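Using my numbering, read the sequence shown as starting at 26 and increasing by one per residue. To keep things clear, I will list the structure first and then write my remarks on it.
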Amino acid sequence: MTIEQLITKLQEKDRFILAIDGMCGSGKSTLALELAHIFNAHVFCMDDFFLPQE
26 MTIEQLITKL
36 QEKDRFILAI
46 DGMCGSGKST
56 LALELAHIFN
66 AHVFCMDDFF
76 LPQE
């Protein structure tokens, strides 16, 4: 599925939750922010919930 196809499918929904997974530096945050702009949505970055090992 392409990003364009995903956007089209999601625009048909009233509500949805979308999780984005990938390697470091792969563009997850950039994609999330772009999609948030398109859908007027909130982004919750897991980096904000990182707990140090100590």
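We put the beta carbon where it would ideally sit given N, CA and C, even for glycine. Model, not experiment: these values are computed from the prediction.
Does the distance from the C-beta atom of residue i to that of residue j stay below 7 Å?
| i | j | result |
| --- | --- | --- |
| residue 45 | residue 53 | yes |
Measuring alpha carbon to alpha carbon, tell me which of the options ends up nearest residue i.
| i | options | result |
| --- | --- | --- |
| residue 50 | 72, 77, 40 and 26 | 72 |
| residue 64 | 48, 78 and 32 | 32 |
| residue 36 | 70, 47 and 61 | 61 |
| residue 41 | 68, 47, 48 and 26 | 68 |
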